[in-house]
Amino acid sequence: MSAHPPVPGVARRLACALYDLLISVALVIVATFPFVLVFGDSTQGWRRHLLQAWLVAVVGTYYVAFWTRSGQTLPMKTWRIAVVRAGDGGPLLLFQAVHRFLLAVLSTLALGLGFLWALVDRDRQFLHDRLAGTAIVERRPKAG
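So that you can map any letter, position 86 of the sequence shown is 953 in the working numbering, and since no number is skipped, the others follow by simple counting.
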């Protein structure tokens, strides 16, 4: 058996990301309702910026909670993919998970260039994983 878990293919990770995106969109829709009830019309000015910050915080909390608890969101469990610490394969620390999320947001805003990085990376990792000290690996079901 190899010392390092296998890395899932880029296409499989992007399919998982698409599944995660659907959950994120649903989360954004649900999280917008209480905000609008409290602050009213949030299409302009400071309310718009506050809503955007609120939604980034809500979605970030979703990802960080799952990544630090089990290393997997629901789609990652479905696709048998996990995010781990790059050095020892252990669970992500809170700082690493937050760092990874913020870097992934920046990667998305940069037209997905950080995701495309996996095509040239020696370990096929996304740029945000490389910079955050994390790695995407296959998570095989436990025997028994």
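Each residue gets a CB set at the ideal place from its N, CA and C atoms; glycine is no exception. Bear in mind the structure is a predicted one, so any value in this text is a computation, not a measurement.
From the DSSP output, read off the bridge partner residues of Arg952. The residue given as residue 952 occupies position 85 in the sequence shown. Answer by DSSP bridge pairing, in chain order: Thr1001.
Do you know offhand how far Met943's Cα is from Gln911's? Within the sequence shown, the letter at position 76 stands for residue 943. Within the sequence shown, the letter at position 44 stands for residue 911. Between Met943 and Gln911, the C-alpha separation is close to 36 Å.
If you draw a straight line from the C-alpha of Asp996 to the C-alpha of Ala1002, how long is it? On the sequence shown, residue 996 is found 129 positions in, with the first residue counted as 1. On the sequence shown, residue 1002 is found 135 positions in, with the first residue counted as 1. Going from the Cα of Asp996 to the Cα of Ala1002 covers about 6 Å.
How long is the line joining the alpha carbons of Ser869 and Pro901, rounded to whole angstroms? If you number the sequence shown from 1, residue 869 lands on position 2. If you number the sequence shown from 1, residue 901 lands on position 34. Annotation note: pLDDT 48 at Ser869 (below 50); position unreliable, no value reported.
Just to confirm, are Ala917 and Phe906 a CB contact at a threshold of 8 Å? Position 50 of the sequence shown, counted from the first residue, corresponds to residue 917. Position 39 of the sequence shown, counted from the first residue, corresponds to residue 906. Correcting the residue type first, residue 917 is Leu in the shown sequence and not Ala. Their beta carbons are under 8 Å apart, which means Leu917 touches Phe906 by this criterion.
Using a Cβ-Cβ cut-off of 7 Å (strictly less than) and excluding sequence neighbours within five positions of Ala878, which residues of its own chain qualify? Numbered from 1 along the sequence shown, position 11 holds the residue referred to as residue 878. Contacts found: none.
If I follow the unbroken alpha helix (DSSP H) through Gly927, where does it start and stop? One-based indexing of the sequence shown puts residue 927 at position 60. Counting along the chain, the alpha helix (DSSP H) containing Gly927 begins and ends at 912 to 936.
Cutoff 6 Å; reference Ser891; Cβ partners in own chain excluding five residues on either side: Here residue 891 refers to the residue found at position 24 of the sequence shown. Answer for Ser891: Val926, listed in chain order.
Cβ neighbours of Leu983 in the same chain (closer than 6 Å, five flanking residues each side left out): In the sequence shown, the residue the question calls residue 983 occupies position 116. No residues qualify anywhere along the chain.
On the premise that Gly1000 lies in contact with Gly957, defined as a C-beta separation below 8 Å, what is that separation, rounded to the nearest angstrom? Here residue 957 refers to the residue found at position 90 when the sequence shown is read from its first residue. Here residue 1000 refers to the residue found at position 133 when the sequence shown is read from its first residue. At roughly 11 Å, the Cβ-Cβ gap does not stay under 8 Å, so Gly957 and Gly1000 are not in contact.
DSSP-derived helix/strand/coil call for Ala977: One-based indexing of the sequence shown puts residue 977 at position 110. Ala977: coil per DSSP, three-state reduction.
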